[in-house]
Amino acid sequence: MLSHKSIYVLVALVPSGRVATYGQVARLLGHPRGARQVGYALARAPDDRALPWHRVVNARGVISARRKPGYEEFQRLLLEDEGVEFDARGRIPLARFQWRHEMLDSHPHVPRGGGETL
DNA sequence: TTTATGGCTGTCA
DNA sequence: ATGACAGCCATAA
Numbered sequence: 001m002l003s004h005k006s007i008y009v010l011v012a013l014v015p016s017g018r019v020a021t022y023g024q025v026a027r028l029l030g031h032p033r034g035a036r037q038v039g040y041a042l043a044r045a046p047d048d049r050a051l052p053w054h055r056v057v058n059a060r061g062v063i064s065a066r067r068k069p070g071y072e073e074f075q076r077l078l079l080e081d082e083g084v085e086f087d088a089r090g091r092i093p094l095a096r097f098q099w100r101h102e103m104l105d106s107h108p109h110v111p112r113g114g115g116e117t118l
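Residue numbering for the first sequence follows the working numbering, starting at 1 and increasing by one per position.
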């Protein structure tokens with residue numbers, strides 16, 4: 001099954017200034033239907049600075065709701081701090097900021113300038 | 001064992 | 001595009 005540890009290890013690879021989706025993480029770990037488990041795992045993740053939990057958002061580019069109030073704002077601040085942008089409706093344009101693991105090797109994670117609408 | 005509840009998602013009206 | 005909804009699946013009760 002999808003172990004919390006494997007999830008943490010993968011999330012730790014998401015570079016600053018980029019975001020991954022729950023489903024993306026699950027798929028990369030070989031569990032295409034495990035998105036909720038990823039969220040569940042992150043919800044119980046230890047307060048470890050080495051784990052960039054804030055870089056994981058839902059498939060719509062929106063910061064997911066939480067039981068504990070306030071965390072969504074906090075997450076947004078952390079992301080904006082890294083250069084991630086939000087549109088007027090509070091969504092992150094995944095076309096520009098989603099982590100592309102196939103560029104794991106060397107590409108500096110500079111968001112592609114605006115323009116591409118596809 | 002059965003039910004409820006989540007940091008989710010794809011589909012469809 | 002947007003909102004509703006039914007699947008999803010590990011944990012907790």
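Glycine included, every Cβ here is placed at the ideal spot set by N, Cα and C.
Treat the numbers as computed from the prediction; the structure is a model and nothing was measured.
Member of the options whose CA lies at the smallest distance from the CA of residue i
i, options, result
"K5", "R60, V38, R96, R49", "V38"
"D81", "D47, P32, R55", "R55"
CB-CB length for residue i against residue j, believed under 8 Å
i, j, result
"L10", "L28", "6 Å"
"G26", "G34", "In the sequence as displayed, the identity of residue 26 is Ala instead of Gly. Going by Cβ atoms, the distance from A26 to G34 rounds to 4 Å, so yes, they are a contact pair."
"G61", "R91", "4 Å"
"A41", "Q98", "The Cβ separation is near 20 Å, so there is no contact."
Beta-carbon proximity list for residue i, same chain, < 6 Å, skipping 5 on both sides
i, result
"A45", "L51, W53"
"G83", "G17"
"Y8", "L51"
"F86", "I92"
"A88", "none"
Separation of residue j from residue i, as counted between CA atoms
i, j, result
"L2", "Q24", "13 Å"
"V14", "G70", "23 Å"
"L94", "G30", "22 Å"
"R96", "A59", "14 Å"
"H179", "L79", "Because the chain is modelled from 1 through 118, residue 179 falls outside the range shown and cannot be assessed."
Same chain only: Cβ atoms within 7 Å of residue i, ignoring 5 sequence neighbours per side
i, result
"K68", "none"
"I63", "V57, E72, Q75, R76"
"A12", "A50, L51, P52"
"D105", "Caution applies to D105, whose pLDDT of 45 falls short of 50 and renders its modelled position unreliable; the model cannot decide the point."
"G113", "Legend: pLDDT at G113 = 43, less than 50; position of this residue unreliable, value from coordinates given subsequently. Cβ neighbours of G113 beyond the five flanking positions: none."
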